[in-house]
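For the sequence shown, the numbering used here assigns the number 138 to the last residue and increments by one with no breaks. Right, one structure below, let's go through it.
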Amino acid sequence: MSQETRTSTGGPGSPTTSPTDGTSTNPTAATAHGAPPADPHDQLAALRRELPARVEHIEGGYQQAVDSAHKLMTEFEEAHRLGVQLGKDALPAEQRIE
């Protein structure tokens, strides 16, 4: 397991590494660039501002996936119906997989 994904179980004030951002939660520690760490309240406020846009983005992707799945199923059903109408036998399993 890498250092970035482990979490320290030390007492209060001991640095803890997050698997997502790789920054220390110790408020007295400096960041990798030598700047003081961001205030957790500021970080939380920034995340709250970003949340609606992220939800909207995911919602759009989800709706696109649902629409694509519906279109695929409709086309599959149409192909099956046409095959039955033309009297075609079902393909062998090997050909269906291809």
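We treat Cβ as the ideally placed atom computed from N, Cα and C, and that holds for glycine.
Endpoints, alpha helix (DSSP H) assigned at Lys-111: Lys-111 -> alpha helix (DSSP H) spans 80-125.
Cα separation between Met-113 and Ala-93? The straight-line gap separating the alpha-carbon atoms of Met-113 and Ala-93 is approximately 30 Å.
When the Cα atoms are used, what is the spatial distance from Ala-78 to His-97? Rounded to whole angstroms, Ala-78 to His-97 spans 26 Å at the Cα level.
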